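Input: a single structure, listed below in structure tokens.
Chains as they are written, first to last, in the UniProt record's numbering: chain A, 1 to 433; chain B, 1 to 433.
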């Protein structure tokens with residue numbers, strides 16, 4: 001079976017349709033290109049059933065990445081295995097699970113970056129910095145906005161849908177499962193980085209800092225003073241309400257709803273009115289998890305004012321920065337409190353970080369930056385995906401993250417509209433006319 | 001008693017000797033100035049028995065603080081209570097402990113900043129950002145390099161030596177206890193921020209990230225994969241080996257020595273040969289806690305090479321930055337691994353933080369910046385002070401942090417030598433001729 005898969009891969013030298021980016025900027029073309037083939041024994045070739053368009057695709061589209069190479073776009077996809085390299089066989093039981101269990105025809109979700117599952121970083125849970133890491137849709141690795149895509153280190157990279165859904169005791173739609181490729185784990189990561197920081201976790205546990213995290217054994221943890229209920233008031237902000245921002249907001253509310261004996265409020269900030277409307281629809285669905293409503297949607301000025309009013313001008317315990325530019329970082333800094341945490345999952349580019357040494361020293365700010373390790377977030381993200389199908393299950397409903405499923409024929413126009421903030425998340429069905 | 005103390009304070013309008021800084025730079029004068037008096041009911045006046053000279057005193061001395069005001073220097077001191085405001089009385093039992101128990105004649109250590117013990121920040125453990133925070137030795141608050149010093153919010157700010165030593169079942173010298181004012185808690189803070197970060201703590205516990213810190217209850221923690229012993233290898237660096245850097249190094253080694261079933265190495269980096277020699281002497285004393293030696297002292301180039309060699313070019317799990325300039329931050333970034341932590345306790349000034357957005361995103365770096373909350377670190381720092389009297393107990397020995405105890409008569413010359421890195425830590429005895 002595996003060998004046949006390999007042969008199928010090597011023989012599959014026909015043509016396919018793909019969405020391609022031409023530098024320097026704003027030039028998307030849907031073209032016929034050759035099929036991917038197995039080039040390494042650890043490769044798989046996937047027939048793509050759905051591929052997402054993500055806000056970070058716009059970095060290349062707008063010419064911010066300063067790379068002069070044509071590439072096939074897209075880093076979010078779900079599909080079916082059509083070819084496997086020779087590494088995939090029942091004897092590969094010493095390797096990551098899928099090297100011995102993945103079969104032709106299996107439904108799989110791919111995280112947006114390659115991870116081998118075997119290097120030091122993968123073993124520790126830091127899969128987004130795997131030594132073989134590569135981002136789909138870059139000059140190094142053709143993306144998923146195509147009918148077929150090659151996945152390197154596929155036994156470490158891919159999730160088998162069957163394994164996820166069997167854990168969840170439920171079948172989920174392709175459009176819902178596709179959210180596990182990037183945006184839902186990234187949202188979970190944004191929220192978890194904030195809540196796991198010892199400056200926050202200690203307080204969530206009702207204890208004075210530095211109760212939580214590693215503490216030398218000769219310090220009596222039980223003597224850490226308890227906080228009064230008045231001190232267990234938390235204020236958070238989510239800056240940026242694109243699809244990842246919504247995932248971060250839903251993750252944060254869900255996690256906070258799980259903490260006993262605290263009070264909390266979240267302000268969700270975006271300057272774009274249509275995004276705020278979308279979030280209001282999402283919150284209307286979420287309300288049952290928290291009455292009175294725990295989250296308020298605001299533009300930038302309203303958001304700053306709410307944080308002042310709610311906290312007596314002290315600021316937020318943590319800010320989730322889900323934009324990836326310096327305006328967002330500066331806003332996060334402005335509204336975070338001393339000893340607060342900025343969890344930044346935005347994809348930042350060439351400009352210098354916009355703070356002086358004195359800024360960061362005088363406020364005791366903690367920052368977590370960088371790319372989501374999708375595999376480490378999967379247990380939480382998959383559980384949340386099932387739990388909040390009211391948000392993550394639908395397409396085209398007011399509270400859905402996904403606006404619609406489109407054909408490649410509309411790709412050029414969709415990139416243009418998406419770039420201008422004129423639509424929410426769009427998925428491509430590469431087989432739709 | 002208290003009332004008498006108050007009166008003593010108000011009446012103490014005589015003169016005293018103090019070390020004063022004259023802007024713009026490099027101008028220290030020992031002068032006769034008026035005695036401090038109680039100006040607020042929460043004040044105490046302390047007769048200083050020892051006052052420290054600290055590396056961060058050099059920021060003002062070198063003219064980096066751009067403040068055009070003469071001030072009494074010094075933010076580290078230990079002494080004896082000679083006057084108390086009217087807030088100090090047995091009926092103040094609803095307030096921080098010392099408002100009802102502090103008496104004239106008590107020996108006290110003062111943290112280097114004022115903290116009320118009652119505001120939101122103090123209640124949460126973030127005493128260095130108290131709403132009444134003020135740094136001794138600045139234009140706002142005369143410092144401790146004087147015969148007497150006024151301490152605002154003294155019932156929240158001061159430690160009573162009797163309370164510390166009774167906890168420790170030991171008496172300690174003034175010169176040793178003075179280390180609790182700033183440099184030992186700050187060193188503990190540098191180490192603890194690194195080890196408590198969830199990117200590090202999970203691994204210290206032998207578990208894949210993100211095992212540690214807040215985790216939603218619907219995620220089964222026990223399913224987090226265990227790390228093999230090979231993956232429980234840790235590499236740390238301490239950048240900057242002044243007195244605070246030595247405290248950070250000793251704290252880090254002590255805490256790591258307390259973690260079961262890990263392997264670890266620490267590189268201690270400083271470009272100044274005399275500082276490296278001092279650290280070698282300290283390590284010679286510390287060796288019994290870890291055989292083979294866990295720490296190696298290096299200059300910058302040697303340090304980079306050691307990190308490469310030890311980690312196969314992966315980098316340090318965490319770097320403790322104990323300098324406070326951009327060269328140190330850049331070195332920390334260079335030698336930290338992806339998903340590593342930079343714990344910065346250096347006092348940073350006006351220059352922008354020296355990283356681009358892409359730098360911090362692509363390495364998934366976490367940063368903790370800012371001033372040590374001395375009170376929150378006191379339980380650990382006090383325990384460590386007792387445990388490591390071989391380093392923290394002596395004066396003038398090769399492994400001592402404190403070089404000597406000097407007279408104010410030598411202050412001008414000592415500032416000059418200290419500025420050039422020509423001596424280690426000096427304490428002033430304001431009563432010595």
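Cβ atoms here follow ideal geometry from the backbone N, Cα and C, with glycine treated the same way.
Small disclaimer: the values here were computed from a predicted structure and weren't measured.
query = For the beta strand (DSSP E) that contains residue 316 of chain A, what are its first and last residues?
reply = 316-321
message = To the nearest angstrom, how far is the alpha carbon of residue 38 of chain A from that of residue 81 of chain A?
response = 12 Å
key: Cα-Cα separation, residue 1 of chain B to residue 98 of chain B   = Summary for residue 1 of chain B: the model assigns pLDDT 34, below 50, so the residue's position carries little reliability; its value from the coordinates is reported in the next sentence. Approximately 14 Å between the Cα atoms of the pair.
request  = Answer with yes or no whether the minimum CB distance from residue 195 of chain A to chain B is below 7 Å.
outcome  = yes
key: residue 120 of chain A: contacting residues in chain B (beta-carbon distance under 8 Å)   = 231 and 314
request  = Report yes if the CB atom of residue 20 of chain B is closer than 7 Å to the CB atom of residue 32 of chain B, and no otherwise.
outcome  = no
message = Suppose you measure from the CA of residue 83 of chain A to the CA of residue 40 of chain A; what does that come to, to the nearest Å?
response = 12 Å
ask   = For residue 36 of chain B, is the classification buried or exposed, using 16 other Cβ atoms within 10 angstroms of its Cβ as the cut-off for buried?
value = buried
request  = Assuming residue 441 of chain A and residue 315 of chain A form a contact by the criterion Cβ under 8 Å, report the distance between their Cβ atoms to the nearest whole angstrom.
outcome  = The structure shown has nothing for residue 441 of chain A, since chain A only spans 1 to 433.
key: Range covered by the beta strand (DSSP E) that runs through residue 264 of chain A   = 263-269
key: Cβ-based neighbour list, residue 42 of chain A, same chain, cut-off 7 Å, excluding 5 preceding and 5 following   = 85, 87, 152, 153, 154 and 155
query = Measuring CB to CB, does residue 419 of chain A end up less than 7 Å from residue 53 of chain A?
reply = no
ask   = Given that a residue counts as buried once 16 or more other Cβ atoms are within 10 Å of its Cβ, and exposed if not, what is residue 225 of chain A?
value = exposed
message = Quick check on the burial criterion: 16 or more other C-beta atoms within 10 angstroms. Buried or exposed for residue 29 of chain B?
response = exposed
inquiry  = Is there a Cβ of chain A sitting closer than 7 Å to that of residue 323 of chain B, yes or no?
reply    = no
message = Closer than 8 Å between beta carbons: that is the criterion. Which residues of the UniProt domain "Alcohol dehydrogenase-like N-terminal" (41-155) of chain A meet it against chain B?
response = 120, 121, 123, 124, 125, 126, 128 and 129
request  = Inspect the CB distances between the stretch 109-124 of chain A and the stretch 369-376 of chain A and report whether three or more fall short of 8 Å.
outcome  = yes
key: Beta carbon proximity, residue 353 of chain A to chain B, threshold 7 Å   = yes
query = The beta strand (DSSP E) spanning residue 19 of chain A covers which residue range?
reply = 15-21
key: Span separating the alpha-carbon of residue 343 of chain A from that of residue 413 of chain A   = 33 Å
request  = With DSSP collapsed to three states, give me the class of residue 352 of chain A.
outcome  = strand
message = For a test of the three-state rule: what should DSSP assign to residue 419 of chain A, helix, strand or coil?
response = helix
message = Please classify residue 409 of chain A as buried or exposed, where buried requires at least 16 other C-beta atoms within 10 Å of its C-beta.
response = exposed
query = Who are the near neighbours of residue 461 of chain A in its chain, counting only those whose CB is closer than 8 Å to its CB and skipping five residues on each side?
reply = Nothing in the structure corresponds to residue 461 of chain A, since chain A is present only between 1 and 433.
Residue-chain proximity (residue 357 of chain B, chain A), Cβ-Cβ < 7 Å = yes
query = Could one say the Cβ of residue 349 of chain B lies closer than 7 Å to chain D's Cβ atoms, at least one of them?
reply = Absent from the structure is chain D; the protein chains it does hold are A and B.
ask   = Going by beta carbon distance, what residues of the same chain come within less than 6 Å of residue 421 of chain B, once the five residues before and after it are set aside?
value = 272
task = Report all residues from its chain with a CB closer than 8 Å to the CB of residue 134 of chain A; omit the five preceding and five following residues, and keep chain order.
result = 113, 114, 140, 141 and 152
ask   = Do three or more CB pairs link the stretch 317-329 of chain B to the stretch 327-337 of chain A at distances below 8 Å?
value = no
ask   = How is the alpha helix (DSSP H) around residue 125 of chain A delimited, first residue to last?
value = Careful: residue 125 of chain A lies outside any alpha helix (DSSP H) and carries neither H nor E.
query = Along the chain, where does the beta strand (DSSP E) that runs through residue 425 of chain B open and close?
reply = 425-428
task = Would you please state the rounded distance, in angstroms, between the beta carbons of residue 198 of chain B and residue 216 of chain B? I believe it to be under 8 Å.
result = That pair is no contact at about 14 Å.
request  = Over the uninterrupted alpha helix (DSSP H) stretch that includes residue 201 of chain B, give me the two end residues.
outcome  = 198-204
message = Taking its Cβ as the centre, do 16 or more other Cβ atoms sit within 10 Å of residue 131 of chain A, making it buried, or is it exposed?
response = exposed
ask   = Using CA coordinates, which residue listed in B:72, B:330, B:425 and B:317 is at the minimum distance from residue 183 of chain B?
value = B:425
key: Classification of residue 22 of chain B by the beta-carbon crowding that lies within 10 angstroms, buried from 16 upward   = exposed
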